[in-house]
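What follows is one structure encoded as structure tokens, with my remarks underneath.
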Amino acid sequence: MTVVERKAHKSPSPRAFFAGDKLVILCFLFLTSTFLCTIYFTESNSDLTYVPTIKQNSKEEEEEQNPPFRSVTDPTYSLGPKITDWDSKHAEWLKLNLNFPNFFKPSKPRVLLVTGSSPKPCAKPAGDFYQVKAIKNKIDYCRIHGIDIFYNTALLDAELAGFWAKLPLIRTLLLSHPEVEFIWWTDSDVFFTDMAFEIQWDKYEPYNLIFHGWDELVYKEKNWIGLNTGSFLIRNCQWSFDLLDAWAPMGPEGPVRDEAGKHLSGFLKGRPVFEADDQSAMVYLLVTERDRWSKKVYLESSYFLHGYWVILVDKYEEMIEKHHPGLGDERWPLVTHFVGCKPCANFSAYPIEKCLKQMDRAFNFADNQILQMYGFKHESLNKSSVQRVRNQVVGPADPNDVVARVLYPSLNEANDV
């Protein structure tokens, strides 16, 4: 996508985006409020929790039980020892390890994409299959864009199960990988659907945390869905460690999380009463401590760092007819996020058959962008079978292939000749 195209295209307003999105999400949460106990103790948007079974626990399983819940009168939860002076320590490490630069070039940082799933098999056999499809999709995107990937199946802190499991993992990886400039967190139900879209990293030079969202909805309306924490970028710096420390205290499972949820529902617009989640807590933090955090937080709406699947998947054929990869926005979304679909769990906010069908379509939509480099595509977005679309490949990638030009930048020069 050229600079001219970017400027000419007007991003959707938050009101336009939520016109069809907001009602569905809020209805989902209200409709599921009768079984939130099941949701909270099984699988969340981070999928790093145990899946319940109906059989009697074995002795070995009983030994794996989580510790007692933290009380609201107990000391405030902490992710670990306070990290201090990280920026100077980080800079010194980079100076001593020149073979591991945090930037490949001024506008290309080293990025680690982090995702994960449950440490145990899915409740439904199909769930594991779709986890494989989701990680294959992420591997494809990362390979094309020179991004490292870390797939986690361990719950690092039993107190922060569910929504919150990502926080101790991100903190650990920031410390353990000083060569990484950004961590890109993605929930397991995120699919990359624009394989050619390259984030303009220099745009974020002044910022340390990037969410999909809108300033108006977060700071003015205090809307709990004014941003999304299912796909976001966080820089490896002291500011981020301080932010994680401030973000985590509402997370401990049990009374702390329950009471915090009540407070968040009373403070944030449109939020039903349920336990504290990481997304609501982030909105609350940005609103109540705006002077401390907001200058380093960028709420992105010019492309889909998060894209709600319900309003996207049925439009893929229209996108193929009218547009092309590399746009990243509603014309060809970077991310399609299956919020509310839980193929790995015993429950789902939507009919599971619909979720699986639409996940297949998202996967095939993205996979076609990979397969075309080799002369194939899926017979349709609803089928896993493929067909040949050009003669046997006998040479280097086609310079007219948008995705190939991202993978092999030299093709851009050949295409311009």
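So in the working numbering, spot 252 of the sequence shown is number 252, and the numbers just go up one at a time.
Note that CB positions come from ideal geometry on N, CA and C, so glycine has one too.
Because the structure is a prediction, the values reported are computed rather than measured.
Could you tell me the alpha carbon to alpha carbon distance between F129 and S88, rounded to whole angstroms? 44 angstroms
Among L169, H212, L268, L113, which residue has its Cα nearest to the Cα of N223? L268
Is P252 near the ligand FAD, in the sense that its beta carbon is under 6 angstroms from a heavy atom of that ligand? The ligand FAD is absent from the structure shown, which contains no ligand whatsoever.
Determine the direct distance from the alpha carbon of H378 to that of Q238, and round the result to whole angstroms. 46 angstroms
Is there contact between the segment 229–244 and the segment 171–191, where contact requires at least three CB pairs shorter than 8 angstroms? yes
Starting from I83, trace the alpha helix (DSSP H) both ways and give me its first and last residue. I83 -> no alpha helix (DSSP H), and no H or E assigned at all.
Rounded C-alpha distance that separates P409 from W332: 21 angstroms
Going by alpha carbons, who is nearest to W247 out of W293, H212, Y141? Selected option, being the one with the closest Cα: W293.
I'd like the span of the beta strand (DSSP E) that includes N228, first residue to last. In the DSSP assignment, N228 falls within the unbroken beta strand (DSSP E) covering 227–235.
When we look at the beta-carbon of K357 and count the other beta-carbons within 10 Å, is it buried (16 or more) or exposed? exposed
Using DSSP bridges, identify the partner residues of Q387. K377
Exposed or buried, S117, counting other C-beta atoms within 10 Å across all chains shown (16 or more means buried)? buried
Could you check the C-alpha separation between D291 and K166 for me, to the nearest Å? 25 angstroms
Where V406 and E198 are concerned, what is the direct C-alpha to C-alpha distance, given to the nearest angstrom? 8 angstroms
Looking only at its own chain, which residues have a Cβ that is under 7 angstroms from the Cβ of L411, when we skip the five neighbours before and after it? A397, P399, A404, R405
Nearest to K82 by CA position, among G266, R171, G270, W93, is which residue? R171
Quick one: which unbroken beta strand (DSSP E) runs of 3-plus residues sit fully inside the segment 272–347? Chain order, please. 297–300, 335–337
How would you call V339, buried or exposed, if buried means at least 16 neighbouring beta carbons within 10 angstroms? buried
From L113, V313, M250, G213, pick the residue whose C-alpha is nearest to that of D360; which is it? V313
Under the rule that 16 or more other beta-carbon atoms within 10 Å means buried, what is G266, buried or exposed? exposed
Could you tell me which residues DSSP pairs with I149 in its beta bridges? L113
For the putative contact between L428 and V114, defined by C-beta atoms under 8 angstroms, what is the C-beta separation to the nearest angstrom? Any answer about residue 428 is impossible in this case: the structure gives the chain only from 1 up to 417.
For L26 and D202, what's the separation of their Cα atoms in angstroms? Low local confidence applies: a pLDDT of 39 at L26 is under 50, so the model's placement there is unreliable, and no value is given.
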